[in-house]
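Accompanying notes for the structure given below.
Protein chains: 2
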Amino acid sequence: MIELPIEKAFTLIEPGPVLLLTTHDKGKSNIMTITWHMVVDFTPRIAITTGPWNFSYHALLNTKECTLCVPTIDLAQKTVQIGDCSGETIDKFKQFELTQLPASDVKAPLISECIANLECRVIDYVKPHGIFILQAVRAWIDPDKKDCRTFHAVGDGTFVGDGETIDLRHLMEDKIPFGV
Amino acid sequence: MIELPIEKAFTLIEPGPVLLLTTHDKGKSNIMTITWHMVVDFTPRIAITTGPWNFSYHALLNTKECTLCVPTIDLAQKTVQIGDCSGETIDKFKQFELTQLPASDVKAPLISECIANLECRVIDYVKPHGIFILQAVRAWIDPDKKDCRTFHAVGDGTFVGDGETIDLRHLMEDKIPFGV
């Protein structure tokens with residue numbers, strides 16, 4: 045993993061891929077699958093929605109830290125299975141043979157098999173709507189990954205992989221933040 | 045356009061496509077482009093992030109209504125151009141040759157050229173984070189559209205079209221809401 049300038053980190057989240065979210069609470073690392081997320085600003089802040097029915101919810105509130113990890117399409121099956129069991133009873137890193145890497149600024153681990161990882165701090169919880177506001181503080185990317193396609197949840201059990209890239213930069217130069 | 049059962053409407057938003065958002069304020073319809081959005085619950089509620097620099101922000105606060113419209117890949121160029129100018133000075137429906145259709149429950153129009161449209165009410169504004177919470181009340185879909193691929197913003201001026209569909213329903217039957 046090499047460090048990605050933090051001002052580019054929002055570009056990992058904005059396309060709406062399925063994400064893995066790691067926490068580290070009470071001496072134990074855990075992973076959840078999350079598709080309800082959005083960029084909130086370019087620094088970047090990222091909003092996610094979850095609730096008390098989710099084991100990681102309590103870790104987010106307790107530790108105020110997490111890592112957002114971007115899986116590519118080869119991890120689609122594992123990602124769905126991770127979302128279909130609970131860290132309350134399962135060591136998901138062991139069960140799904142994923143490798144923890146230490147993060148720099150948070151205790152939640154990076155996932156070595158993911159194409160990118162964002163270390164995040166919880167800066168607010170909007171309780172009526174179940175929305176956590178995260179501040180990403182450091183971003184990492186795997187420069188050697190060959191198939192960089194991420195995938196998107198439809199919500200009915202099907203997923204859509206990334207297809208063709210369309211370059212329309214010439215139509216929106218003035219909207220692109222400096223350095224991106 | 046035919047009506048889509050409202051419990052299936054979240055599946056239009058969850059994959060994270062670039063959206064168009066229409067408003068109707070002070071006798072005038074307008075369109076903005078939005079990529080910062082997420083599903084918040086299955087009813088569905090949808091969160092979007094915008095701010096006072098955006099002309100539609102004021103219409104959202106004034107009218108408490110909008111329509112979220114899903115453009116397909118053939119509309120990518122227009123969608124970016126719509127996001128690069130302001131409804132304060134331009135009639136975007138006229139400029140971009142898009143067709144307004146009347147909605148059922150809100151004054152904001154549907155866009156005929158989009159593959160789907162969600163009529164929404166603004167039910168909250170989380171001011172510190174610029175997050176609007178929308179309640180979708182009715183959904184419409186065009187059953188005759190041949191190329192249904194949507195597209196996702198990377199944030200650097202490039203976009204990613206939908207690629208292959210992966211069916212993993214058998215791994216998450218218990219997580220799929222009834223009727224979806």
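Order-wise, the sequence lines are chains A and B. Residue numbers for the first sequence follow the numbering used here, so the first one is 45 and each next one is one higher. Residue numbers for the second sequence follow the numbering used here, so the first one is 45 and each next one is one higher. The C-beta atom is built at its ideal place from N, Cα and C for all residues, glycine as well. For clarity, every value in this text was computed on a predicted model and none was experimentally measured.
CA-to-CA distance, residue j to residue i, given in whole angstroms
i	j	result
Pro88/A	Val166/B	25 Å
Ala120/B	Met76/B	13 Å
Asn98/B	Asp218/A	15 Å
Phe137/B	Gly131/A	49 Å
Ile159/A	Lys151/B	43 Å
Gly205/B	Phe176/A	28 Å
Val224/B	Gly127/A	18 Å
Asp118/A	Gly71/B	50 Å
Ile134/B	Ile78/B	18 Å
Leu162/A	Cys192/A	16 Å
Ile90/B	Ala53/A	23 Å
Asp188/A	Asp188/B	42 Å
C-beta atoms of residue i and residue j nearer than 7 Å
i	j	result
Leu48/A	Ile185/A	yes
Thr66/B	Thr107/B	no
His196/B	Gly95/B	no
Gln125/B	Leu142/A	no
Val62/A	Thr123/A	yes
Cys113/A	Ile155/A	yes
Gly207/A	Gly207/B	yes
Ser100/B	Gln144/B	no
Ile210/B	Phe140/A	no
Burial state of residue i (16 or more Cβ within 10 Å)
i	result
Thr104/A	In the sequence on display, residue 104/A carries Leu and not Thr. That one is buried.
Pro172/A	exposed
Pro146/B	exposed
Glu33/A	Residue 33/A is absent from the structure shown; chain A starts at 45 and stops at 224.
Thr194/A	buried
Asp69/A	buried
Phe222/B	exposed
Ile220/A	exposed
Ile46/A	exposed
Nearest to residue i (by Cα), restricted to the options the options
i	options	result
Cys164/A	Thr194/A, Val83/A, Pro187/A	Val83/A
Lys190/A	Glu157/A, Asp168/A, Leu162/A, Lys52/A	Glu157/A
Pro153/A	Ile134/A, Arg182/A, Phe176/A	Arg182/A
Trp80/A	His102/B, Thr55/B, Gly71/B, Ser73/B	Thr55/B
Ile92/B	His68/B, Gly127/B, Leu178/B, Gln144/B	Leu178/B
Gly199/A	Gly199/B, Leu212/B, Ser148/B	Leu212/B
Ser148/A	Glu109/A, Gln139/A, Gly174/A, Asp168/A	Glu109/A
Gly174/A	Asp85/B, Ile134/B, Cys192/B, Thr133/B	Asp85/B
Glu51/B	His102/B, Asp168/B, Ala180/B	Ala180/B
His102/A	Leu162/A, Tyr169/A, Ile90/A, Ala53/A	Tyr169/A
Paired residues, beta bridge with residue i - DSSP
i	result
Thr202/A	Asp211/B
Tyr101/B	BP columns for Tyr101/B are empty, so no partner.
His196/A	Val204/A
Thr93/B	Ile175/B
Leu145/B	Leu154/B
Ala180/B	Cys164/B
Chain D contact residues for residue i, given Cβ-Cβ distances below 8 Å
i	result
Ala197/B	Absence of chain D from the displayed structure is noted, the protein chains being A and B.
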